[in-house]
Amino acid sequence: MRYTLPDLDYDYSALEPHVSAEIIELHHGRHHAAYVAGANTVTDELAAARAAGELGAIPGLERKLAFNVAGHVLHSIFWKNLSPDGGGVPEGDLAAAVERDFGGFDAFRSQMTAATVSVMGSGWGALCWEPLGARLYVAQLYDHQDNIAPGSVPLLVIDAWEHAYYLQYQNRRADFVEAVWNIVDWTDVAARYEVARDLRV
Ligand code: MN
Numbered sequence: 225m226r227y228t229l230p231d232l233d234y235d236y237s238a239l240e241p242h243v244s245a246e247i248i249e250l251h252h253g254r255h256h257a258a259y260v261a262g263a264n265t266v267t268d269e270l271a272a273a274r275a276a277g278e279l280g281a282i283p284g285l286e287r288k289l290a291f292n293v294a295g296h297v298l299h300s301i302f303w304k305n306l307s308p309d310g311g312g313v314p315e316g317d318l319a320a321a322v323e324r325d326f327g328g329f330d331a332f333r334s335q336m337t338a339a340t341v342s343v344m345g346s347g348w349g350a351l352c353w354e355p356l357g358a359r360l361y362v363a364q365l366y367d368h369q370d371n372i373a374p375g376s377v378p379l380l381v382i383d384a385w386e387h388a389y390y391l392q393y394q395n396r397r398a399d400f401v402e403a404v405w406n407i408v409d410w411t412d413v414a415a416r417y418e419v420a421r422d423l424r425v
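Residue numbers (the working numbering): 225 to 425.
See below:
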């Protein structure tokens, strides 16, 4: 089994003016691709360590595995969460769940924006489904893999790493996050919610 870089559903320039073609091309073709390559490399390294009985290498390799696989997963979701036809607000069951768990869309959006903008260093804001409590919550992820409850399903993720915005927005991460709200594909987020709510832990 090998991890592979998924194609985008849109051209690199399709999300302009909100996110520039230059950013999307580098972000997908270089940064996301590097996590895919890293996930494959560490998978091979774990196999080699197992075969050689070098289990002292496990802590470092497991950390590298979590970082690269989580990076691959989050970017794969992120690209699908965005669309040149996006924006607006969720509808249907997802809208009802946001109302129930956050007290309304505006309250959710404010919390998600704050979580994303205030990441210290590199990370993400994420709207997640938490299956044990059967509720939505906002997670603030560090790097790609830290600060999320096991079993949680990311439904909507916003990349807060500098590579996601710096070429266009420089240090203005908040302006980038505001722009992202214009291109969120709520149809995709709602489809993820419909699948996630049937999961059991
Ligand atoms: Mn990224």
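All C-beta atoms, glycine included, are put in the ideal place defined by N, C-alpha and C. Bear in mind the structure is a predicted one, so any value in this text is a computation, not a measurement.
By the CB criterion at 8 Å, Y389 and I247 fall inside the cutoff.
Listed by position along the chain, the residues with Cβ atoms less than 6 Å from a non-hydrogen atom of the ligand MN are H251, H255, H299, D383, W385, H387, A388. Counting only the Cα atoms, R397 lies some 29 Å from A320.
The criterion of a C-beta distance shorter than 8 Å is not satisfied by V341 and V266.
Judged by DSSP in its simplified three-state form, W410 adopts helix. Apart from the 5 residues on each side of it in sequence, S237 sits with its Cβ closer than 7 Å to the Cβ of A245 in its chain, given in chain order. Short of 6 Å from the beta carbon of N406, and not among the five residues preceding or following it, lie these beta carbons of its own chain, in chain order: H242, G311. Distance between E354 and L423, taken at the CA atoms: about 9 Å. Per DSSP, A363 is one residue of the beta strand (DSSP E) stretching across 359-366. Residue environment analysis places R416 among the buried positions, since at least 16 neighbouring C-beta atoms fall within 10 angstroms of its C-beta. Ranked by how close their Cα comes to the Cα of L289, the residues H255, Y259, N305 have Y259 in first place.
Bounds of the beta strand (DSSP E) holding P378 are 377-383.
Ranked by Cα distance from I301, the first of G375, D233, E240, D370 is D233. Relative to the Cα of P230, the nearest Cα in the group A363, W303, M344, V293 belongs to W303. The three-state reading of DSSP puts D317 in helix, counting H, G and I together.
Across the structure, L239 and Q392 are spaced so that their CA atoms are roughly 13 Å apart. With a beta-carbon spacing of about 20 Å, W410 and A384 fall beyond the 8 Å limit used to define contacts.
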